[in-house]
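Q:
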Amino acid sequence: MSHYFATCPKGMEYLLRDELVALGAPDVREALAGAHFSGTLETAYKACLWSRLASRILLPLAEFDAADDDALYRGVQTIDWSEHLAAHATFAVDAGTALSKLTHSQFIGLRTKDAVVDQFRQRDGSRPGIDTDEPDIRINVRVRRDRATVSLDLAGSPLHRRGWREEQGEAPLKENLACAMLLRARWPEVYAAGGALLDPMCGSGTLLIEGALMAADVAPGLRREYFGFLGWQQHDIALWRGLLDEAKQRAETGLRGLRSVFFGSDADPRMVQTAKRNAQAAGVAGFFTLDRQDVVHAVPPPGVDHGLVITNPPYGERLGDRAEMPKLYRALGDTLRQHFIGWRAAVLAGDVELGRAMQLHADKRYALYNGALETVLLTFDLKPRDEIPRELKPLSAGAQMLKNRLEKNVRHLRKRLLREDIHCWRAYDQDLPEYAAAIDVYGDVHGDDHLHIQEYRAPADIPADVARLRLREIARVAGEVLGVPRERIAIKTRERGKGGSKYGQLDQRGEFIEVEEGGLKFLVNLTDYLDTGLFLDHRLVRAKVRELAEGRCFLNLFSYTATASVYAAAGGALETTSVDLSATYLEWASRNLALNGFSGVRHRLMQFDALEFLQRDRGHYGLIFVDPPTFSNSKRADDFDVQRDHVALLEACNGRLTRDGVIVFSNNFRRFKLDREALEAHFDIEDWSAPSIPFDFARRADIHGCWLLRRRQAVTGVNPWDTAHIKK
Numbered sequence: 028m029s030h031y032f033a034t035c036p037k038g039m040e041y042l043l044r045d046e047l048v049a050l051g052a053p054d055v056r057e058a059l060a061g062a063h064f065s066g067t068l069e070t071a072y073k074a075c076l077w078s079r080l081a082s083r084i085l086l087p088l089a090e091f092d093a094a095d096d097d098a099l100y101r102g103v104q105t106i107d108w109s110e111h112l113a114a115h116a117t118f119a120v121d122a123g124t125a126l127s128k129l130t131h132s133q134f135i136g137l138r139t140k141d142a143v144v145d146q147f148r149q150r151d152g153s154r155p156g157i158d159t160d161e162p163d164i165r166i167n168v169r170v171r172r173d174r175a176t177v178s179l180d181l182a183g184s185p186l187h188r189r190g191w192r193e194e195q196g197e198a199p200l201k202e203n204l205a206c207a208m209l210l211r212a213r214w215p216e217v218y219a220a221g222g223a224l225l226d227p228m229c230g231s232g233t234l235l236i237e238g239a240l241m242a243a244d245v246a247p248g249l250r251r252e253y254f255g256f257l258g259w260q261q262h263d264i265a266l267w268r269g270l271l272d273e274a275k276q277r278a279e280t281g282l283r284g285l286r287s288v289f290f291g292s293d294a295d296p297r298m299v300q301t302a303k304r305n306a307q308a309a310g311v312a313g314f315f316t317l318d319r320q321d322v323v324h325a326v327p328p329p330g331v332d333h334g335l336v337i338t339n340p341p342y343g344e345r346l347g348d349r350a351e352m353p354k355l356y357r358a359l360g361d362t363l364r365q366h367f368i369g370w371r372a373a374v375l376a377g378d379v380e381l382g383r384a385m386q387l388h389a390d391k392r393y394a395l396y397n398g399a400l401e402t403v404l405l406t407f408d409l410k411p412r413d414e415i416p417r418e419l420k421p422l423s424a425g426a427q428m429l430k431n432r433l434e435k436n437v438r439h440l441r442k443r444l445l446r447e448d449i450h451c452w453r454a455y456d457q458d459l460p461e462y463a464a465a466i467d468v469y470g471d472v473h474g475d476d477h478l479h480i481q482e483y484r485a486p487a488d489i490p491a492d493v494a495r496l497r498l499r500e501i502a503r504v505a506g507e508v509l510g511v512p513r514e515r516i517a518i519k520t521r522e523r524g525k526g527g528s529k530y531g532q533l534d535q536r537g538e539f540i541e542v543e544e545g546g547l548k549f550l551v552n553l554t555d556y557l558d559t560g561l562f563l564d565h566r567l568v569r570a571k572v573r574e575l576a577e578g579r580c581f582l583n584l585f586s587y588t589a590t591a592s593v594y595a596a597a598g599g600a601l602e603t604t605s606v607d608l609s610a611t612y613l614e615w616a617s618r619n620l621a622l623n624g625f626s627g628v629r630h631r632l633m634q635f636d637a638l639e640f641l642q643r644d645r646g647h648y649g650l651i652f653v654d655p656p657t658f659s660n661s662k663r664a665d666d667f668d669v670q671r672d673h674v675a676l677l678e679a680c681n682g683r684l685t686r687d688g689v690i691v692f693s694n695n696f697r698r699f700k701l702d703r704e705a706l707e708a709h710f711d712i713e714d715w716s717a718p719s720i721p722f723d724f725a726r727r728a729d730i731h732g733c734w735l736l737r738r739r740q741a742v743t744g745v746n747p748w749d750t751a752h753i754k755k
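Each residue of the sequence shown is one higher than the last, beginning at 28 in our numbering.
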């Protein structure tokens with residue numbers, strides 16, 4: 028069994044994971060822009076031949092520190108390249124870098140090439156050649172945070188190049204992105220139910236061709252003549268030929284049974300001819316009907332009453348004037364509404380604003396990347412209720428101001444959110460005093476955004492009916508700006524009554540959504556509790572826990588849903604212990620840990636009051652995370668006040684801390700003052716509050732405080748836990 032990494036465009040990771048599992052790969056785990064998987068060489072060959080979504084299949088050979096070019100050179104030379112490359116053969120190097128001292132990918136590629144060539148020269152005086160087009164092997168080098176990973180690229184060239192594309196349009200849709208659209212739109216289910224596939228702006232025919240090959244069970248790599256393993260020293264020719272023969276038989280069977288249910292049209296006659304030639308090259312032209320036609324005149328083919336309308340309209344980036352695009356999308360929406368009731372539809376829009384121009388209610392929304400361009404895939408069940416779009420009342424002057432502010436916030440944050448792959452974030456935090464609420468975005472693993480709107484206490488002089496109206500305006504504006512339908516917006520409202528303003532009765536739906544943060548997965552509940560299960564303002568605090576956790580035993584007090592424990596486990600903690608008084612939260616914590624593959628005796632969940640646990644426990648921990656509530660008056664434990672009791676709590680933690688251990692202490696009481704005078708007798712204290720505030724919480728720089736406490740070392744005496752990280 029070997030470890031592999033399949034790359035893909037961002038937004039397709041979960042589809043790729045499911046595809047690799049279906050191909051028989053064990054131990055599949057999605058990651059940013061790809062998925063890790065294990066398997067035999069046959070598994071890797073199948074991925075190259077059958078993956079409709081992957082871009083490349085990488086076989087990692089070595090991983091090492093590469094803070095400078097000499098370290099990179101030495102690391103590459105630790106690999107015995109004669110096991111992979113013949114002395115007379117050719118190779119090429121693809122290189123990339125991020126967050127590292129080595130900042131130039133071309134230089135990284137050159138040093139890697141030198142290390143390989145020099146190894147052959149030093150051995151027998153020979154040297155392999157360079158071929159950047161179709162080398163015998165292609166080496167992939169990625170340096171991230173001064174650590175290099177060297178892999179063989181078994182694909183050799185991007186797998187979206189199927190071998191059927193004779194010609195393409197001005198802005199062609201990549202084949203693997205087309206397959207992601209088809210899968211998200213549930214095309215296999217539609218075809219199995221007897222439905223047709225129709226693209227009213229078909230361009231070079233990519234969606235129709237990939238849809239036909241998918242329906243006919245034709246391996247996407249069957250027509251490719253080049254793979255990166257064909258010249259590899261360890262290539263198993265017999266195994267590969269056997270897989271090819273099987274794929275050819277499946278294709279013959281599938282094409283014999285394929286139905287002629289593929290219909291395309293385009294306003295440009297040249298694109299219609301291009302689509303015809305590409306369909307002929309792919310071997311599916313006989314199943315297609317292609318015509319010159321404007322999208323306004325698209326109708327269901329005669330005798331076809333259901334199916335999937337799928338298309339990739341221009342975005343105004345390269346194919347037209349942006350100002351004209353909303354008119355095109357409105358025309359598409361009108362066509363779907365007037366002629367395709369009862370069909371499914373999927374549209375890859377350039378952005379949410381263009382998608383809204385169709386005036387259709389999307390049941391799902393997925394973020395996908397067309398090259399470097401972020402797009403949004405909208406899917407629809409076209410029902411009669413969409414025939415007449417509901418006219419909304421104009422926004423009030425105040426609501427328009429709110430919309431302008433929220434749009435400005437989103438524009439300001441969007442690029443960094445994408446760059447740092449952040450899916451859960453704060454979009455608005457009482458920026459306008461009249462609209463007193465926080466708006467948080469939770470993007471689930473399926474690509475859908477959900478909103479969590481939490482009302483702040485309105486001033487006493489604001490009438491209750493005015494506050495309710497403004498809250499409704501917040502929900503409407505947030506949904507419009509962020510492209511989230513009302514059913515995916517959760518609102519937490521405050522009630523006024525005896526004893527002051529407080530949150531009203533919360534729901535008990537038991538509905539959880541799965542979200543991703545930092546490459547990890549968590550369950551959140553937006554409706555049933557005051558908090559959601561994931562404190563967004565602690566994103567950087569959790570990252571710090573992961574950074575400090577390697578090789579340490581980790582204790583999480585007031586653990587809530589154990590998100591910090593998941594981060595610690597992912598950071599290499601030897602074991603985790605999560606302590607909370609609530610059985611509900613411990614069950615939730617168990618699900619979060621299991622969701623990320625962390626279970627068993629190394630990950631304990633303890634139902635205790637934190638102080639009681641510290642008094643009873645005899646373990647010692649190299650890292651303790653303490654994030655207590657501001658106040659607690661549980662019937663099962665003594666009252667707790669973080670300002671009053673934090674010194675006693677942290678001193679109790681000190682008794683469970685290894686000599687070189689660290690306490691990460693945080694809380695959200697805005698008026699909190701750390702009692703340094705009392706604590707400095709035991710700890711060296713670093714105020715880490717400012718660095719722990721995420722950029723999307725800049726307006727609330729005091730939303731929490733965070734301190735790193737390290738045991739102050741005694742001048743004399745011996746601590747029996749000097750070197751112990753492992754809990755006794």
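By construction, the Cβ of each residue, glycine as well, lies at the ideal position given by its N, Cα and C atoms.
Looking only at its chain, what residues have a beta carbon closer than 6 Å to the beta carbon of Asp702, apart from the 5 residues adjacent to it on each side?
A: What you label residue 702 is simply residue 675 of the sequence shown in a count that begins at 1. Excluding residues within five positions, the ones whose Cβ falls inside 6 Å are Val674.
Q: So the candidates are Arg383, Ala220, Tyr72, Leu85; which of them puts its Cα closest to the Cα of Thr361?
A: Indexing the sequence shown from 1 puts residue 361 at position 334. In the sequence on display, residue 361 carries Asp and not Thr. Among Arg383, Ala220, Tyr72, Leu85, the Cα nearest to that of Asp361 belongs to Arg383.
Q: According to the Cβ coordinates, are Ala589 and Arg569 closer than 8 Å?
A: Residue numbering aside, residue 589 sits at position 562 when the sequence shown is read from its first letter. Residue numbering aside, residue 569 sits at position 542 when the sequence shown is read from its first letter. Cβ atoms of Ala589 and Arg569: not closer than 8 Å.
Q: Do you know how far the Cα of Pro328 is from the Cα of Ala33?
A: If you number the sequence shown from 1, residue 33 lands on position 6. If you number the sequence shown from 1, residue 328 lands on position 301. Cα-Cα distance, rounded: 39 Å.
Q: Cα-Cα, which of Leu400, Met208, Ser178, Val336 is closest to Leu225?
A: Within the sequence shown, the letter at position 198 stands for residue 225. Cα-wise, what sits closest to Leu225 is Val336.
Q: Near Leu445, which residues of its chain fall below 7 Å by C-beta distance, leaving aside the five closest residues on each side in sequence?
A: Locating residue 445 in the sequence shown gives position 418, counting from the first residue. Same-chain partners within the cutoff: Glu401.
Q: Out of Gly369, Val689, Phe724, Glu237, point me to the one whose CA is closest to Gln740's CA.
A: Numbered from 1 along the sequence shown, position 713 holds the residue referred to as residue 740. The shortest Cα separation from Gln740 among Gly369, Val689, Phe724, Glu237 belongs to Val689.
Q: Nearest by alpha-carbon distance to Glu544: which of Tyr469, Lys354, Gly599 is it?
A: For the purposes of this step, residue 544 is taken as residue 517 along the sequence shown, with counting starting at 1. The shortest C-alpha separation from Glu544 is found at Tyr469.
Q: What would DSSP say about Phe315, mapped onto helix, strand or coil?
A: For the purposes of this step, residue 315 is identified with residue 288 of the sequence shown, where counting begins at 1. Strand, per DSSP.
Q: Go ahead and label Leu632 buried or exposed: buried means 16 or more other beta carbons lie within 10 angstroms of its beta carbon, across all protein chains shown.
A: Here residue 632 refers to the residue found at position 605 when the sequence shown is read from its first residue. When all chains shown are included, Leu632 counts as buried.
Q: Report, in whole angstroms, the separation of the C-beta atoms of Phe652 and Val669, which I expect to be a contact under 8 Å.
A: Within the sequence shown, residue 652 is the residue found at index 625, counting from 1. Within the sequence shown, residue 669 is the residue found at index 642, counting from 1. No, Phe652 and Val669 are not in contact; Cβ-Cβ is about 15 Å, not under 8 Å.
Q: Taking the beta carbon of Gln146 as the centre, do at least 16 other beta carbons fall within 10 Å, making it buried, or is it exposed?
A: Within the sequence shown, numbered from 1, the residue matching residue 146 stands at position 119. With 16 or more other Cβ atoms within 10 Å, it is buried.
Q: Is the region 604-624 touching the region 717-735, taking contact as three or more C-beta pairs under 8 Å?
A: Result no; under three Cβ-Cβ pairs closer than 8 Å.
Q: Mind the definition here: the region 418-427 touches the region 391-410 only if three or more C-beta pairs lie below 8 Å; say whether that holds.
A: At 8 Å Cβ cutoff, the stretches do not touch.
Q: If we count the other Cβ atoms within 10 Å of its Cβ and call it buried at 16 or more, is Lys519 buried or exposed?
A: If you number the sequence shown from 1, residue 519 lands on position 492. So Lys519 counts as buried.
Q: Taking the alpha carbon of Ala207 as the point to measure from, which residue in Thr233, Ala182, Gly221 has its own alpha carbon closest?
A: For the purposes of this step, residue 207 is taken as the residue at position 180 of the sequence shown. It is Thr233.
Q: Let me know the secondary structure DSSP gives Tyr218 once reduced to three states.
A: Working through the sequence shown from its first residue, we reach residue 218 at position 191. Here Tyr218 sits in helix by DSSP.
Q: Less than 8 Å between the CB atoms is what I'm expecting for Asp244 and Ala278, so what's the real figure, rounded?
A: Here residue 244 corresponds to residue number 217 of the sequence shown, with the count starting at 1. Here residue 278 corresponds to residue number 251 of the sequence shown, with the count starting at 1. Yes, Asp244 and Ala278 are in contact; Cβ-Cβ is about 7 Å, under 8 Å.
Q: Quick check on the burial criterion: 16 or more other C-beta atoms within 10 angstroms. Buried or exposed for Ala89?
A: What you label residue 89 is simply residue 62 of the sequence shown in a count that begins at 1. So Ala89 ends up on the exposed side.
Q: Is Glu414 helix, strand or coil by DSSP?
A: If you number the sequence shown from 1, residue 414 lands on position 387. Because Glu414 sits at a pLDDT of 46, beneath the cut-off of 50, its placement in the model cannot be relied upon, and the following sentence gives the value as read from the coordinates. If DSSP states are grouped into helix, strand and coil, Glu414 belongs with coil.
Q: Please give the ranges of any beta strand (DSSP E) in the region 586-628, keeping only runs that are unbroken, at least 3 residues long and fully inside the region.
A: Correct list: 602-607.
Q: In the DSSP assignment, what residue or residues form a beta bridge with Val403?
A: Indexing the sequence shown from 1 puts residue 403 at position 376. Beta-bridge pairing links Val403 to Ala376, Ala394.
Q: Would you call the CB atoms of Ser231 and Ala119 closer than 8 Å?
A: Position 204 of the sequence shown, counted from the first residue, corresponds to residue 231. Position 92 of the sequence shown, counted from the first residue, corresponds to residue 119. For Ser231 and Ala119, no; Cβs fall outside 8 Å.
Q: Do Leu204 and Asn291 have their beta-carbon atoms positioned less than 8 Å apart in this structure?
A: Here residue 291 refers to the residue found at position 264 when the sequence shown is read from its first residue. Here residue 204 refers to the residue found at position 177 when the sequence shown is read from its first residue. Correcting the residue identity first, residue 291 is Gly in this sequence and not Asn. Taking 8 Å as the Cβ cut-off, Gly291 and Leu204 do not qualify as a contacting pair.
Q: Taking buried to mean at least 16 other C-beta atoms within 10 Å of its own C-beta, is Gly624 buried or exposed?
A: Sequence index remark: in the sequence shown, residue 624 carries index 597 (1-based). So Gly624 counts as exposed.
Q: To the nearest angstrom, how far is it from the Cα of Arg671 to the Cα of Leu561?
A: By one-based count along the sequence shown, residue 671 stands at place 644. By one-based count along the sequence shown, residue 561 stands at place 534. So the two alpha carbons sit approximately 26 Å from each other.
Q: Using the C-alpha atoms, what's the distance from Leu355 back to Thr611?
A: Stepping through the sequence shown from its first residue, residue 611 is reached at position 584. Stepping through the sequence shown from its first residue, residue 355 is reached at position 328. Cα to Cα, the separation comes out at about 51 Å.
Q: Assuming Ser153 contacts Ala114 (C-beta within less than 8 Å), just tell me the rounded distance between them.
A: Within the sequence shown, residue 153 is the residue found at index 126, counting from 1. Within the sequence shown, residue 114 is the residue found at index 87, counting from 1. About 4 Å; that satisfies the 8 Å criterion.
Q: If you draw a straight line from the C-alpha of Asp492 to the C-alpha of Pro460, how long is it?
A: Working through the sequence shown from its first residue, we reach residue 492 at position 465. Working through the sequence shown from its first residue, we reach residue 460 at position 433. Cα-Cα distance, rounded: 17 Å.
Q: Is it a yes or a no for the region 132-141 touching the region 99-107, going by three-plus beta-carbon pairs under 8 Å?
A: Yes, the region 132-141 touches the region 99-107.
Q: Rounded to the nearest angstrom, what separates Pro490 and Leu429 at their Cα positions?
A: Taking the sequence shown and counting its residues from 1, one reaches residue 490 at position 463. Taking the sequence shown and counting its residues from 1, one reaches residue 429 at position 402. Approximately 19 Å, taken between the alpha carbons.
Q: Return yes when the Cβ of Arg629 is within less than 8 Å of the Cβ of Glu602, no when it is not.
A: On the sequence shown, residue 602 is found 575 positions in, with the first residue counted as 1. On the sequence shown, residue 629 is found 602 positions in, with the first residue counted as 1. Contact flag set, yes.
Q: Nearest chain B C-beta to Pro340 closer than 8 Å, yes or no?
A: Chain labels in this structure do not include chain B; a single protein chain is all it has.
Q: Out of Trp734, Gly330, Arg174, Glu237, which has the shortest C-alpha to C-alpha gap to Ala94?
A: Counting from one through the sequence shown, the residue named residue 94 turns up at place 67. Nearest C-alpha to Ala94: Arg174.
Q: Is DSSP giving His131 helix, strand or coil here?
A: As a working mapping, residue 131 is identified with position 104 in the sequence shown. Coil, per DSSP.
Q: Given a cut-off of 8 Å on the beta-carbon distance, is the pair Pro247 and Trp108 in contact?
A: Your numbering for residue 247 matches position 220 in the sequence shown. Your numbering for residue 108 matches position 81 in the sequence shown. For Pro247 and Trp108, no; Cβs fall outside 8 Å.
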